[in-house]
Amino acid sequence: MTTSVRFAPSPTGLLHVGNARAAIVNWLFARSRGGSFMLRLDDTDQARSNAEYAARIEEDLRWLGLGWDRFARQSDRLARYQAAAEALRAKGRLYPAYETEEELARQRALRRARRLPPVYDRSALALGAAERARLEAEGRRPHWRFLLEAGSTAWTDGIRGEVRIDAATVSDPVLIRADGTPLYTFCSVVDDIDFGITDVIRGEDHVTNTLTQIQLFHALGAAPPVFAHFALLVGTDGEALSKREAALSLASLRETGIEPMAVASLIARLGTADPVEPRQTLAELVAGFDLSRFGRAAARFDEAELKHLSARILHGMDFARAAPRLREIGLAAAGEEFWRAVRGNLETMADARHWWRVVAGPLAGVIEAPEYLAQAAALLPPEPWGGDVWREWTAALRERTGRKGRTLFHPLRLALTAREHGPEMHNLLPLIGRERAQARLAGRTA
RNA sequence: GACCCCAUCGUCUAGAGGCCUAGGACGUCACCCUUUCACGGUGAAGACACGGGUUCGACUCCCGUUGGGGUCGCCA
């Protein structure tokens with residue numbers, strides 16, 4: 054059977070690095086097996102889902118370069134869930150319960166106080182027809198619970214190995230709300246069956262869901278897919294990453310100039326036995342991708358590491374890849390020579406703007422030693438310039454002024470680029486040109 | 001609180017009883033390159049959480065302690 058996976062975010066917020074990890078891991082898994090990748094919007098929570106977030110999710114996935122082969126939206130499939138619920142009722146696996154949310158909360162608190170696991174006591178199961186009729190006459194509408202089979206459910210997890218969970222430690226899950234709408238746990242299984250999902254790869258926060266979902270697959274007459282649960286990411290201080298969701302949204306990382314391949318390079322490797330290395334393409338990440346390389350302990354996500362990786366990706370980016378990006382930031386005229394000269398000094402792509410002003414103007418240099426710069430301007434070789442113009446020029450200057458090292462170079466760099474640090478002047482000067490250089494050495498904007 | 005999972009350099013990890021004076025990657029530091037800076041290159045420092053067992057022998061197995069993560073929703 055062809056490998057088929059899905060990424061199923063709920064459009065209730067922006068994608069953050071945690072979600073992105075699920076997306077990338079699933080995508081890489083599919084590609085590494087020649088399978089297909091599906092985007093499914095889990096929007097059954099009508100109150101919290103909205104179209105704006107749905108659009109942003111698609112935008113973020115495209116930014117990462119993760120295209121999808123198939124797309125579905127749970128809100129379009131309500132009839133399917135209803136039919137599946139009917140099938141479960143017919144099998145006696147779905148039963149009505151009438152407790153209010155307050156009542157349930159009170160029961161949980163009580164059991165906790167008694168040091169018992171806060172599991173639903175199934176009292177609704179004991180209700181007779183007359184009892185139910187009375188409750189409904191009171192105006193109560195039932196929610197519907199899935200009757201779990203007793204005993205333990207086991208599966209071979211693609212990352213965690215043998216996992217076994219006892220149904221006694223879990224409540225019968227609510228599948229249908231009192232307002233008649235279905236819940237994620239249920240829709241997800243119906244979708245996975247209908248779309249022929251072969252592998253479900255998600256965070257370890259879903260492991261207990263897996264018990265009920267495996268039982269659901271069986272109850273609906275389908276074979277469960279292979280499950281794999283990766284450990285969650287934590288912050289540098291070891292705290293849950295979810296507390297920093299806003300700051301670590303893909304949208305905000307993108308805004309701060311993080312390269313999408315930096316996100317992918319880090320998140321696909323963090324917590325695995327493979328080294329985190331700057332990669333230029335997702336294809337490089339696909340090669341050698343293997344779920345068994347993932348560890349079971351929570352890994353720390355460090356934004357500083359991400360920034361560093363992002364810079365290194367820029368440093369190694371070839372011009373073909375950089376050209377469209379340069380166009381995006383308004384540097385359509387920037388050519389390969391320019392790119393090769395400056396890429397090693399970029400932290401973010403936006404930094405290229407400054408270096409473009411250095412070579413194309415207008416730029417006001419920083420004047421440190423006016424007399425020296427006047428001498429320098431006078432000694433600037435006549436055009437046409439060869440590739441060694443910087444060497445020739447500074448050699449002549451050294452001879453004339455007796456300056457050397459920092460005192461020789463630093464004022465020139467400041468006057469020509471307005472920066473303390475930067476690319477090799479040897480490469481930059483020919484791009485700046487004689488006229489512009491002369492003006493800047495004289496303190497004029499050019 | 002109950003249950004599940006985890007615990008090796010600062011960070012991500014390799015290690016499935018002797019191969020380990022514990023390997024790699026990132027970061028850090030030093031040196032080299034650059035007649036400046038950055039980029040790049042080379043090298044160095046740096047860890048088995050703690051306490052008990054088991055064993056001829058434990059980073060590796062068992063128990064406990066401590067610490068961390070997860071779950072316990074009419075969220076996903």
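Our numbering puts the first sequence at residues 54 to 499. The beta-carbon is built from N, C-alpha and C at its ideal position, and this holds for glycine as well.
How long is the line joining the alpha carbons of residue i and residue j, rounded to whole angstroms?
i	j	result
Met478	Phe60	48 Å
Gly397	Asp404	11 Å
Thr447	Glu421	17 Å
Ala293	Met402	30 Å
Gly455	Ala429	12 Å
Phe372	Glu390	9 Å
Arg453	Ala385	40 Å
His368	Arg393	9 Å
Pro64	Ala73	13 Å
Leu399	Gly388	16 Å
Leu319	Val329	6 Å
Gly439	Ile485	13 Å
Trp208	Ser176	30 Å
Pro464	Arg109	47 Å
Ala351	Arg86	26 Å
Leu269	Glu155	27 Å
Pro476	Trp408	9 Å
Leu163	Arg84	49 Å
Asp129	Cys240	11 Å
Met54	Gln135	28 Å
Output needed for residue i: all residues of its chain with C-beta closer than 6 Å, excluding positions within five of it in sequence on either side, in chain order.
i	result
Val411	Thr470
Ser57	Gly88, Ser89, Gly249, Ile250, Thr251
Pro62	Asn72, Ile110
Leu344	Gly211, Ile212, Ala281
Arg161	Pro171
For a quick check, are the C-beta atoms of residue i and residue j less than 8 Å apart?
i	j	result
Leu119	Ala76	yes
Leu433	Gln491	yes
Ala315	Leu359	yes
Pro313	Leu117	yes
Phe283	Glu257	yes
Val339	Leu81	yes
Tyr106	Leu67	yes
Gly204	Ala190	no
Phe354	Leu335	no
Gly414	Ala499	yes
Gly341	Ala281	no
Val172	Ser224	yes
Arg133	Asp96	no
Ile254	Asn103	no
Glu436	Arg487	yes
Val216	Val260	yes
Ala158	Ile229	no
Val242	Leu273	yes
Under the rule that 16 or more other beta-carbon atoms within 10 Å means buried, what is residue i, buried or exposed?
i	result
Phe124	exposed
Ala317	buried
Arg546	Missing from the structure shown is residue 546; the chain here goes from 54 to 499 and no further.
Gln99	exposed
Thr265	buried
Met370	buried
Asp244	buried
Arg466	buried
Arg489	buried
Leu426	buried
Gly418	buried
Arg187	exposed
Gly71	buried
Arg168	exposed
Leu416	buried
Ala179	exposed
Ala183	exposed
Ala166	exposed
Excluding the 5 residues preceding and the 5 following residue i in the sequence, name in chain order all residues of the same chain whose CB lies nearer than 7 Å to its CB.
i	result
Asn262	Thr238
Trp443	Met478, His479, Leu482
Ile267	Thr206, Trp208, Pro277
Ala275	Ile246
Gln333	Met314, Ile366, Gly369, Met370, Arg374
Spatial neighbours of residue i within its chain, please: CB distance less than 8 Å, with the 5 preceding and 5 following residues excluded, ordered by chain position.
i	result
Arg451	Lys457, Leu461
His271	Pro277
His474	Asn398
Thr325	Arg346, Phe347, Gly348
Ala495	Leu426, Ala427, Ala430
Ile311	Leu359, Lys360, Ser363, Thr401
Tell me, please, whether the region 197-207 touches the region 143-161 by the rule of three or more beta-carbon pairs shorter than 8 Å. yes
Are there three or more Cβ pairs, one per stretch, closer than 8 Å when the region 220-238 is compared with the region 304-323? no
Would you call the region 348-363 and the region 80-93 touching, i.e. three or more CB-CB distances under 8 Å? no
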